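Asks:
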Amino acid sequence: MRTFFANRPLRFRWRSGIFTTAILFELLCACPVFSQHFVRIPELRSQNPIFLQYQDEVEEANKALAHPEKEPLLNFYTYVAGERDTLFTISSRCSIPYDTIATANGITDATLSLAGREILLPTVEGIFIPQEPQTSLDILLAADSENLAAVNGGSAISLVLNGKSLYFLKGRKARLSPSQRAFFLDTAFRLPLAKSVLTSPFGMRKSPISGSWKFHHGVDLAAPLGTNIFACKSGSVEQVIQNDIVYGNYVVLRHSGGFSSLYAHMSVIAVQKGQNISAGAVVGKIGTTGMSTGPHLHFELRQNGQSQNPDSYLPSRK
Numbered sequence: 286m287r288t289f290f291a292n293r294p295l296r297f298r299w300r301s302g303i304f305t306t307a308i309l310f311e312l313l314c315a316c317p318v319f320s321q322h323f324v325r326i327p328e329l330r331s332q333n334p335i336f337l338q339y340q341d342e343v344e345e346a347n348k349a350l351a352h353p354e355k356e357p358l359l360n361f362y363t364y365v366a367g368e369r370d371t372l373f374t375i376s377s378r379c380s381i382p383y384d385t386i387a388t389a390n391g392i393t394d395a396t397l398s399l400a401g402r403e404i405l406l407p408t409v410e411g412i413f414i415p416q417e418p419q420t421s422l423d424i425l426l427a428a429d430s431e432n433l434a435a436v437n438g439g440s441a442i443s444l445v446l447n448g449k450s451l452y453f454l455k456g457r458k459a460r461l462s463p464s465q466r467a468f469f470l471d472t473a474f475r476l477p478l479a480k481s482v483l484t485s486p487f488g489m490r491k492s493p494i495s496g497s498w499k500f501h502h503g504v505d506l507a508a509p510l511g512t513n514i515f516a517c518k519s520g521s522v523e524q525v526i527q528n529d530i531v532y533g534n535y536v537v538l539r540h541s542g543g544f545s546s547l548y549a550h551m552s553v554i555a556v557q558k559g560q561n562i563s564a565g566a567v568v569g570k571i572g573t574t575g576m577s578t579g580p581h582l583h584f585e586l587r588q589n590g591q592s593q594n595p596d597s598y599l600p601s602r603k
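The numbering used here puts the first residue of the sequence shown at 286, with every later residue one more than the last.
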């Protein structure tokens, strides 16, 4: 029998398959620093006693999942990812599905670098669904009919991790659906708006401001004021500019492959310079700042500093 540590995190159990949500929220309210006291695993190696403790709990949870009359023990540890760590190597070392780790940590893009990021490691496999969806993947998870049935049927746990309210669906069948998995693993560019109307294409055009012919380095996509704008690909926030004369409030993201993307005329900027961001994450909201004749997104895509036609990279707009 391995020795277990005294400063272990809080744990939660199901009672006959139904979790006592009221008790959980009472615990959370009584412990406002709940998400700050998880035991950290220094390295994912079998020689490390804390990692051995984590592996023991994962094994016990898997045994419980195999017997309906038993209750799996949900617990959390943390681990700071190294330069060579990926979601898949961490998943393999921990014997926890990548779906579980990704949804617990709000990772919406399999290609996103995790280096230096503190990763929550659950001891029970399943998926975590945000109660207030923000990213494109969040929306897909929340809209799934099976997920909705589990939440409404009372078999989901309601909990808060790092200030984010989530539902947790336990078990080996609680995984990303084929369409969600394809979305998660897709490394292609994504649309910056869920729905929009193209009002000005890439290339030469007559400026709606000056009336003269000029080259338009992006596309203009009209949408209602306040509509969420999504990152077209994972990357880092290179620039956050406010009150520019031309672009108003805008953001530039840096991506792999020498690509960068620009999102202009925003009413709200939702990211900070230097922040790592996943594809599909909200970067801001539709506005009409700068030289704008109405609510829309001016979207640019560049590779090695050269303007590219976004229509050559983005899927068809709805």
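Cβ coordinates follow ideal geometry from the N, Cα and C atoms, glycine included. Note that the structure is a prediction, hence the values are computed from the model and not measured.
1) For residue 371, does the three-state DSSP call read helix, strand or coil?
2) Per DSSP, residue 363 is paired with what?
3) Would you say the stretch 370-379 touches the stretch 532-546, given that touching needs at least three Cβ pairs under 8 Å?
4) Report whether the distance from the Cβ of residue 477 to the nearest heavy atom of the ligand FAD is below 7 Å.
5) For a quick check, are the C-beta atoms of residue 538 and residue 562 less than 8 Å apart?
6) From 402, 455, 482, pick the residue whose C-alpha is nearest to that of residue 356; which is it?
7) Report the option in 525, 592, 473 whose CA atom is closest to the CA atom of residue 501.
8) Check whether the stretch 501-518 touches the stretch 581-590, counting contact only when three or more Cβ pairs, one atom from each stretch, lie closer than 8 Å.
9) Roughly how many whole angstroms lie between the Cα atoms of residue 434 and residue 511?
10) Taking the beta strand (DSSP E) that residue 383 falls in, what are its first and last residues?
11) Mapping DSSP to helix, strand and coil, what is residue 303?
12) Rounded to the nearest angstrom, what separates residue 552 and residue 329 at their Cα positions?
13) Hey, residue 402 and residue 441 are a contact pair by Cβ (cut 8 Å); roughly how many whole angstroms apart?
14) From 573, 483, 546, 581, pick the residue whose C-alpha is nearest to that of residue 590; which is it?
15) Please classify residue 343: does DSSP put it in a helix, a strand, or coil?
16) Quick one: which unbroken beta strand (DSSP E) runs of 3-plus residues sit fully inside the stretch 513-583? Chain order, please.
17) Do you know how far the Cα of residue 536 is from the Cα of residue 437?
18) Residues in its own chain within less than 7 Å of residue 382 by CB, not counting five upstream and five downstream?
19) Here's a check: name, in chain order, each residue in its chain whose Cβ is nearer than 6 Å to the Cβ of residue 342, leaving out the five neighbours to either side.
20) So what does DSSP say about residue 423, is it helix, strand or coil?
21) One question on the structure: do residue 452 and residue 414 come within less than 8 Å of each other, judged by their Cβ atoms?
22) So what's residue 585 in DSSP terms, helix, strand or just coil?
23) What does the Cβ neighbour count give for residue 581, buried or exposed, with the cut at 16 atoms within 10 Å?
24) Could you compute how far the alpha carbon of residue 327 sits from the alpha carbon of residue 387?
Replies: On the basis of the supplied data:
1) Stepping through the sequence shown from its first residue, residue 371 is reached at position 86. Reduced to three states, the DSSP call for residue 371 is coil.
2) Within the sequence shown, residue 363 is the residue found at index 78, counting from 1. Answer by DSSP bridge pairing, in chain order: 325, 405.
3) No: fewer than three Cβ pairs fall under 8 Å.
4) By its list of ligands, the structure shown contains no ligand whatsoever, and the ligand FAD lies outside what it can speak to.
5) As a position in the sequence shown, residue 538 is number 253, starting the count at 1. As a position in the sequence shown, residue 562 is number 277, starting the count at 1. Yes.
6) Sequence index remark: in the sequence shown, residue 356 carries index 71 (1-based). The candidate whose alpha carbon is nearest that of residue 356 is 455.
7) Taking the first residue of the sequence shown as 1, we reach residue 501 at position 216. Relative to the Cα of residue 501, the nearest Cα in the group 525, 592, 473 belongs to 592.
8) With the cut-off at 8 Å, the stretch 501-518 and the stretch 581-590 touch.
9) By 1-based counting over the sequence shown, the position of residue 434 is 149. By 1-based counting over the sequence shown, the position of residue 511 is 226. The straight-line gap separating the alpha-carbon atoms of residue 434 and residue 511 is approximately 30 Å.
10) Taking the first residue of the sequence shown as position 1, residue 383 is located at position 98. It is not in any beta strand (DSSP E) - residue 383 instead sits in the alpha helix (DSSP H) that spans 383-389.
11) Residue mapping note: residue 303 aligns to position 18 of the sequence shown, counting from 1. In this prediction, residue 303 scores a pLDDT of 37, lower than 50, which makes its location untrustworthy; no coordinate-derived value is stated.
12) Here residue 552 is taken as the residue at index 267 of the sequence shown, counted from 1. Here residue 329 is taken as the residue at index 44 of the sequence shown, counted from 1. Those two C-alpha atoms are separated by around 43 Å.
13) Within the sequence shown, numbered from 1, the residue matching residue 402 stands at position 117. Within the sequence shown, numbered from 1, the residue matching residue 441 stands at position 156. So it is not a contact: roughly 26 Å between Cβ atoms.
14) If you number the sequence shown from 1, residue 590 lands on position 305. Nearest of 573, 483, 546, 581 to residue 590, Cα basis: 546.
15) Residue numbering aside, residue 343 sits at position 58 when the sequence shown is read from its first letter. Three-state result, residue 343: helix.
16) As far as the stretch 513-583 is concerned, its whole beta strand (DSSP E) runs of at least 3 residues are 513-515, 520-529, 533-539, 544-549, 567-570.
17) By 1-based counting over the sequence shown, the position of residue 437 is 152. By 1-based counting over the sequence shown, the position of residue 536 is 251. Within the model, the alpha-carbon separation for residue 437 versus residue 536 is close to 39 Å.
18) Walking along the sequence shown from the start, residue 382 turns up at place 97. Once the five neighbours on either side are set aside, the close Cβ partners of residue 382 are 376, 410, 460.
19) For the purposes of this step, residue 342 is identified with residue 57 of the sequence shown, where counting begins at 1. When the five nearest sequence neighbours on each side are left out, the beta carbons in the same chain lying within less than 6 Å of the beta carbon of residue 342 are those of 360, 408, in order along the chain.
20) If you number the sequence shown from 1, residue 423 lands on position 138. Judged by DSSP in its simplified three-state form, residue 423 adopts helix.
21) For the purposes of this step, residue 452 is taken as the residue at position 167 of the sequence shown. For the purposes of this step, residue 414 is taken as the residue at position 129 of the sequence shown. Remark: C-beta atoms of residue 452 and residue 414 approach each other more closely than 8 Å.
22) Here residue 585 is taken as the residue at index 300 of the sequence shown, counted from 1. Looking at residue 585 - three-state DSSP - the assignment turns out to be strand.
23) Taking the first residue of the sequence shown as position 1, residue 581 is located at position 296. It is buried - the Cβ of residue 581 has at least 16 other Cβ atoms within 10 Å.
24) On the sequence shown, position 42 is the one that residue 327 refers to. On the sequence shown, position 102 is the one that residue 387 refers to. Rounded to whole angstroms, residue 327 to residue 387 spans 20 Å at the Cα level.
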